[in-house]
Structure formats: C-alpha cells, structure tokens
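**Q** The sequence shown lines up with residues 233 to 503 when you count with the working numbering. Here it is, the structure, as structure tokens.
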Amino acid sequence: MQSKEGAWKKFVTVENILLFITVAVGLISIPYRLLPGVTPATAETILAVLILLTTAQLAAKFSEIKQGEKWDEHERTQQEIAQAIKDFPSGRLKRRRDIMPLDKFTENAEGILVIARTASKVSGLTNFFQKKLERGCRLRFVVTNPEAYDHNDIEAVTPIPLTGKEALDVFKADLTSTLANIRYLHELAEKTSGKVEVRLVNYISNLSFVVLDNGDGRGSIIVELMPYKCQILDRPYIELSSHDPDTHWYDLFRDTCEDIWEHSTKMKIRE
Numbered sequence: 233m234q235s236k237e238g239a240w241k242k243f244v245t246v247e248n249i250l251l252f253i254t255v256a257v258g259l260i261s262i263p264y265r266l267l268p269g270v271t272p273a274t275a276e277t278i279l280a281v282l283i284l285l286t287t288a289q290l291a292a293k294f295s296e297i298k299q300g301e302k303w304d305e306h307e308r309t310q311q312e313i314a315q316a317i318k319d320f321p322s323g324r325l326k327r328r329r330d331i332m333p334l335d336k337f338t339e340n341a342e343g344i345l346v347i348a349r350t351a352s353k354v355s356g357l358t359n360f361f362q363k364k365l366e367r368g369c370r371l372r373f374v375v376t377n378p379e380a381y382d383h384n385d386i387e388a389v390t391p392i393p394l395t396g397k398e399a400l401d402v403f404k405a406d407l408t409s410t411l412a413n414i415r416y417l418h419e420l421a422e423k424t425s426g427k428v429e430v431r432l433v434n435y436i437s438n439l440s441f442v443v444l445d446n447g448d449g450r451g452s453i454i455v456e457l458m459p460y461k462c463q464i465l466d467r468p469y470i471e472l473s474s475h476d477p478d479t480h481w482y483d484l485f486r487d488t489c490e491d492i493w494e495h496s497t498k499m500k501i502r503e
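Here it is as structure tokens:
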C-alpha cells in the first residue's frame, strides 16, 4: 500500500502546481477585468505578466529542489555501497594491483561487457580487444552520455582537483578517445567473426564492471567501486565468478549489468 507521504509526493508535481497557479492567477485577474477603463486586452496582458513572474519563481525553486534531490540520491548510493562493503566477506575486496591480469581473466570469454563512466582504459587495450575479435568475441560497451549532465555533475565525481568546465572537458575528451577506439574496433570486427556494440546511459555510476560470458551460463565479473572522489589506484575491487560457492553476488551483479545494457540507449558507431 502506498504511504501518505508517497501519495502526496506523487500529487505535488510541477505540472499540478503550475495548473493550480495558472487557475489562481486567472481568478486574481478577474478584478482587473471589472475595473473601469481596463480593456480585455489589458487584463490578459496583466494575467500573462503575473503568470510569467510566478512560473519564473517556481522554476527557480524547483531547480533548487532538483539539485537537492540529486545530492540526496548520491548520498543514498554512497550509503548502499558502504553497506555492501561492510556485508562483503573479509578478504574479498582487492586492490588494483591484486586483480587478475585482463588477458588471463578473459582467456575463455565468448563475450565481454564493459560498463564504465568513460571506459578510458579501452584506449590502451586496442590490440587486446583486436585479438578477442579475431577469436569471435562479442564486445559490448556502456558509457555515460555526456550530454545528459552539466559541468557541476561531472565535477562532483571527478577525483582530480578540476573545476566545472575543466572537469567536463576532461570527461568529454576521455569519452571521445574511447569512442574513437570503439569505432576502430568496429571496423576491425567487420573483418572477423566478432562483434562490437556501444550504448549510452544517462547515469553517472558509482560502480564499473567488466563482465565475461564464457558460455553455458558460466562467467566472471570484476566490480570496481568508486567512492566519492576516490583516486583510481585507491579504489577497491571485487572478483566474482559463477564458480563461487555462493553465487548470490555474482547473480545479482550479472543481472544488474544486463539490465543496464537493456535500458541504455543504442548509439550509432558509424554515421
């Protein structure tokens, strides 16, 4: 059953409030129509001005509320990650240097799914992915849509000390480099039995994933946790496998990654 608070939030929407204000302002303007010497055109002008002033103030207020909701959502995500770390068995969190080398980790992979903010590591792994394509591997990439966020959003998650536009410029430069390499891999794939796909997601993730499909329901996942403004070398990692004694976390993250893929937006690799 929906709570009273949830029902109230659902009712109090921008559209409903604007409708209420429009009606209210319309009623307020009635006395002007009754005043001597006030023509209908003048009354309509007064009404339009009142609506513009009211909606401008409302838009500014809702902008503040939206920013607050974004921050609240970010805080909740951080709390969920922190709780997941606490609940995870001791010893399962690893440092970057302790993660299995990618060539060994993906040795038997029939498919690789990479989900990351910009997937900047792709730029340095062209030869690696080329070999995978030659073996018939399916490569899928999901990266953040840079047009869905402004410089404040990007600055908030950038671990290096950059401000506003600088952070956004670096973010877009990394993403541009990644997409250029993916286009190159796509051209290579046309000469092999492999396949390359890329999609965009309107979400700045606090996690990144490398998901492997080894066929017959077998696979592995590397999960990179990205705490607030945490430097790359300091980020914790988790390795999960379908061979783990308890596959709860593997199943959870595998399903999550496939959901992200299904709900992300297809991007044309070649115009």
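Every residue gets a Cβ at the ideal spot worked out from N, C-alpha and C, and that includes glycine.
So what does DSSP say about Lys498, is it helix, strand or coil?
**A** Stepping through the sequence shown from its first residue, residue 498 is reached at position 266. Strand, per DSSP.
**Q** For Thr338, which of Leu484, Glu471, Thr488 has the nearest alpha-carbon?
**A** Taking the sequence shown and counting its residues from 1, one reaches residue 338 at position 106. Here the closest residue by C-alpha is Glu471.
**Q** Pick out whichever of Leu484, Leu457, Ser452 has its Cα sitting closest to the Cα of Leu345.
**A** Along the sequence shown, one-based indexing puts residue 345 at 113. Closest by alpha carbon: Ser452.
**Q** Are there 16 or more other CB atoms within 10 angstroms of the CB of Arg372, so buried, or fewer, so exposed?
**A** The count along the sequence shown starts at 1 and reaches residue 372 at position 140. The residue in question, Arg372, is buried, as its Cβ has 16 or more Cβ neighbours within 10 Å.
**Q** State the DSSP-derived secondary structure class of Tyr469, mapped to helix, strand or coil.
**A** The residue you call residue 469 lines up with position 237 of the sequence shown. Three-state DSSP puts Tyr469 in a strand.
**Q** Would Ile436 pass as a contact of Val354 if the rule is Cβ separation under 8 Å?
**A** Here the question's residue 436 lines up with position 204 in the sequence shown. Here the question's residue 354 lines up with position 122 in the sequence shown. No.
**Q** Threshold first: 3 residues or longer. Then list the beta strand (DSSP E) segments lying entirely within the stretch 405-455, N to C.
**A** 427-433, 439-447
**Q** If you draw a straight line from the alpha carbon of Lys363 to that of His418, how long is it in whole angstroms?
**A** Locating residue 363 in the sequence shown gives position 131, where the first residue counts as 1. Locating residue 418 in the sequence shown gives position 186, where the first residue counts as 1. Going from the Cα of Lys363 to the Cα of His418 covers about 13 Å.
**Q** Excluding sequence positions up to five away, which residues of its chain have a Cβ less than 6 Å from the Cβ of Leu420?
**A** Here residue 420 refers to the residue found at position 188 when the sequence shown is read from its first residue. Once the five neighbours on either side are set aside, the close Cβ partners of Leu420 are Gln362, Leu365.
**Q** Spatial neighbours of Ser409 within its chain, please: CB distance less than 6 Å, with the 5 preceding and 5 following residues excluded, ordered by chain position.
**A** Along the sequence shown, read from residue 1 onward, the residue named residue 409 stands at position 177. Excluding positions up to five away in sequence, the list reads Ser355.
**Q** Under 7 Å from any heavy atom of the ligand ADP, does the C-beta of Ile453 make it?
**A** No copy of the ligand ADP appears in this structure; indeed no ligand is present at all.
**Q** Assign Gly426 to buried or exposed, taking buried as 16 or more other Cβ atoms, counted over all protein chains shown, within 10 Å of its Cβ.
**A** Residue numbering aside, residue 426 sits at position 194 when the sequence shown is read from its first letter. Buried is the call here.
**Q** According to DSSP, simplified to helix, strand and coil, what is Ile492?
**A** Start at 1 with the first residue of the sequence shown, and residue 492 comes out as number 260. Of the three classes helix, strand and coil, the one that applies to Ile492 here is helix, per DSSP.
**Q** Strictly under 8 Å for the Cβ-Cβ distance: is Ser496 near chain B by that measure?
**A** No chain B is part of this structure, which consists of one protein chain only.
**Q** Rounding to the nearest angstrom, what Cα-Cα distance links Asp448 and Lys397 in this structure?
**A** Within the sequence shown, the letter at position 216 stands for residue 448. Within the sequence shown, the letter at position 165 stands for residue 397. Going from the Cα of Asp448 to the Cα of Lys397 covers about 46 Å.
**Q** Using only CA atoms, which one of Glu342, Ala412, Leu439 lies nearest to Tyr460?
**A** Reading the sequence shown from its first residue, position 228 is the one you call residue 460. With distances taken between Cα atoms, Tyr460 lies closest to Leu439.
**Q** Which same chain residues, not among the five before or five after Asp406, have their C-beta less than 7 Å away from its C-beta?
**A** If you number the sequence shown from 1, residue 406 lands on position 174. Excluding sequence neighbours, Asp406 sits near Thr350, Ser352.
**Q** Please report the distance separating the alpha-carbon of Lys404 from that of Met458.
**A** As a working mapping, residue 404 is identified with position 172 in the sequence shown. As a working mapping, residue 458 is identified with position 226 in the sequence shown. Distance from the CA of Lys404 to the CA of Met458, rounded to the nearest whole angstrom, comes to 19 Å.
**Q** Quick test of the definition: if touching needs 3 or more C-beta pairs under 8 Å, does the stretch 479-498 touch the stretch 427-434?
**A** yes
**Q** Give the range of the alpha helix (DSSP H) segment to which Thr338 is assigned.
**A** The residue given as residue 338 occupies position 106 in the sequence shown. It is not in any alpha helix (DSSP H) - Thr338 carries neither H nor E in the DSSP assignment.
**Q** Do you know whose CA, among Pro468, Gln463, Asn446, Arg467, lies nearest Arg486's CA?
**A** Within the sequence shown, residue 486 is the residue found at index 254, counting from 1. Checked all of Pro468, Gln463, Asn446, Arg467; the closest Cα to Arg486 is Asn446.
**Q** Where does the unbroken beta strand (DSSP E) through Leu357 begin, and where does it stop?
**A** Residue 357 sits at position 125 when you count from the first residue of the sequence shown. Leu357 -> no beta strand (DSSP E), and no H or E assigned at all.
**Q** Let's test the definition: count the other Cβ atoms within 10 Å of the Cβ of Ile492 and tell me whether it reaches 16, buried, or not, exposed.
**A** Locating residue 492 in the sequence shown gives position 260, where the first residue counts as 1. Buried: at least 16 other Cβ atoms inside 10 Å.
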